[in-house]
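For reference, the structure discussed in these notes is given below.
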Amino acid sequence: QQQVKQSPQSLIVQKGGISIINCAYENTAFDYFPWYQQFPGKGPALLIAIRPDVSEKKEGRFTISFNKSAKQFSLHIMDSQPGDSATYFCAASRARGSTLGRLYFGRGTQLTVWP
Amino acid sequence: GAVVSQHPSWVICKSGTSVKIECRSLDFQATTMFWYRQFPKQSLMLMATSNEGSKATYEQGVEKDKFLINHASLTLSTLTVTSAHPEDSSFYICSAGGLAGAREQYFGPGTRLTVT
Numbered sequence: 056q057q058q059v060k061q062s063p064q065s066l067i068v069q070k071g072g073i074s075i076i077n078c079a080y081e082n083t084a085f086d087y088f089p090w091y092q093q094f095p096g097k098g099p100a101l102l103i104a105i106r107p108d109v110s111e112k113k114e115g116r117f118t119i120s121f122n123k124s125a126k127q128f129s130l131h132i133m134d135s136q137p138g139d140s141a142t143y144f145c146a147a148s149r150a151r152g153s154t155l156g157r158l159y160f161g162r163g164t165q166l167t168v169w170p
Numbered sequence: 117g118a119v120v121s122q123h124p125s126w127v128i129c130k131s132g133t134s135v136k137i138e139c140r141s142l143d144f145q146a147t148t149m150f151w152y153r154q155f156p157k158q159s160l161m162l163m164a165t166s167n168e169g170s171k172a173t174y175e176q177g178v179e180k181d182k183f184l185i186n187h188a189s190l191t192l193s194t195l196t197v198t199s200a201h202p203e204d205s206s207f208y209i210c211s212a213g214g215l216a217g218a219r220e221q222y223f224g225p226g227t228r229l230t231v232t
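Those protein sequences? They're chains A and B, same order as listed. Counting from 1 along the first sequence, just add 55 to a position and that's the residue number in our numbering. Counting from 1 along the second sequence, just add 116 to a position and that's the residue number in our numbering.
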């Protein structure tokens, strides 16, 4: 059972446009929601993360919007650039006391930004 | 900061041999490390969770006798693929984190294993 559902599977955006990737979850115990960026042949890199006590977090061109009641969160990439072309994964985890909880990943979104 | 390295970055081995992959947190101490497999154009599949000084916890369907994990220190975890077969060929990635209750996990660059 997929704990985190991600859409779209692929996304093509014009340079300078806004890229939007959506994720949904069911487990209300999740309390940490990171986004990762992965280039071919590389490991994922942590982009930005949010906790459920805030509705939005912005870091540079990347913004997470979080809707706790709908159990949805999304990544917005403003002024998308060809260098942003990569696979993006959303994830979720829950607190496990003093132990770091595992991440549940979405299936990923292949973003292509055309120049 | 928060750099995780893996060694080797790629390895080719013959069927039946064993391969060891190292995962190191270079500039922080990690109480927990995770090991993943990733197939082309797919998401990351968690294989096991490793806490320093404890036995690893394996996900359902992952053979613990085949994928040996050792987390000997707060900066080093190893994954040994024993008696490798072509179906074990994959991209193996580790992540590390957990110190002082921080929730961030940082990933290594991955190791490409090809079994011939």
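All C-beta atoms in this analysis are idealised placements derived from N, C-alpha and C, irrespective of residue type, glycine included.
M161(B) lies in the beta strand (DSSP E); which residues open and close that run? Mapped onto the second sequence, residue 161(B) falls at position 45. Taken as a continuous stretch (DSSP letters only), the beta strand (DSSP E) holding M161(B) covers L160 to N167.
| Residue from T167(A), Q165(A) and C145(A) with nearest C-alpha to I103(A) | Residue numbering aside, residue 103(A) sits at position 48 when the first sequence is read from its first letter. For the residues T167(A), Q165(A) and C145(A), the minimum Cα distance to I103(A) belongs to C145(A).
Next item on the list: Could you round the C-beta distance between S189(B) and E168(B) to whole angstroms and report it? I think they count as a contact, below 8 Å.
Entry: Start at 1 with the first residue of the second sequence, and residue 189(B) comes out as number 73. Start at 1 with the first residue of the second sequence, and residue 168(B) comes out as number 52. Sure, about 7 Å apart at Cβ, within 8 Å.
Check: Among Q58(A), R157(A) and K70(A), which residue has its Cα nearest to the Cα of P170(A)?
Finding: As a working mapping, residue 170(A) is identified with position 115 in the first sequence. Residue K70(A) is the option with its Cα nearest to P170(A).
*Completely contained beta strand (DSSP E) runs for the region 144-204 of chain B, where each covers 3 or more residues*: 148-154, 160-167, 183-189 and 192-197
**Request:** Would you tell me roughly how many angstroms separate the C-alpha atoms of S170(B) and S193(B), rounded to the nearest one?
**Result:** The residue labelled residue 170(B) in the question sits at position 54 within the second sequence. The residue labelled residue 193(B) in the question sits at position 77 within the second sequence. The alpha-carbon atoms of S170(B) and S193(B) are separated by roughly 11 Å.
Problem set entry | Residues of the region 70-97 of chain A whose Cβ lies closer than 9 Å to any Cβ of chain B, in chain order | D86, Y87, P89, Y91, Q93, G96 and K97
* Using the beta-carbon of each residue, which ones in chain A are nearer than 7 Å to Y316(B)? -> Because chain B in this structure spans residues 117 to 232, residue 316(B) falls outside the shown range and cannot be described.
So, for K112(A): in the same chain, excluding its five sequence neighbours on each side, which residues have a beta-carbon less than 6 Å away from its beta-carbon? Here residue 112(A) refers to the residue found at position 57 of the first sequence. So the qualifying residues of the chain are I105 and I119.
- Using a C-beta cutoff of 7 Å, does L155(A) count as contacting chain B? Position 100 of the first sequence, counted from the first residue, corresponds to residue 155(A). Yes, L155(A) counts as interfacial toward chain B.
| query | At which residues does the beta strand (DSSP E) containing Q221(B) begin and terminate? | reply | Taking the second sequence and counting its residues from 1, one reaches residue 221(B) at position 105. From DSSP, the beta strand (DSSP E) with Q221(B) extends over Q221 to F223.
| message | Report the CB separation of Q92(A) from Y143(A) in whole angstroms; it is logged as a contact under 8 Å. | response | Within the first sequence, numbered from 1, the residue matching residue 92(A) stands at position 37. Within the first sequence, numbered from 1, the residue matching residue 143(A) stands at position 88. With a Cβ gap of about 6 Å, Q92(A) and Y143(A) count as contacting.
Notebook entry, point to check: Between F223(B) and chain A, is there a C-beta pair that is closer than 7 Å?
Noted result: Your numbering for residue 223(B) matches position 107 in the second sequence. Chain A, which has a Cβ nearer than 7 Å to the Cβ of F223(B), makes this yes.
Practice task
Identify every residue that forms a DSSP beta bridge with E138(B).
Solution key: Along the second sequence, read from residue 1 onward, the residue named residue 138(B) stands at position 22. Bridge partners of E138(B): H123(B) and T194(B).
Within-7 Å CB hit, L229(B) to chain A | In the second sequence, the residue the question calls residue 229(B) occupies position 113. Not one chain A Cβ lies under 7 Å of L229(B).
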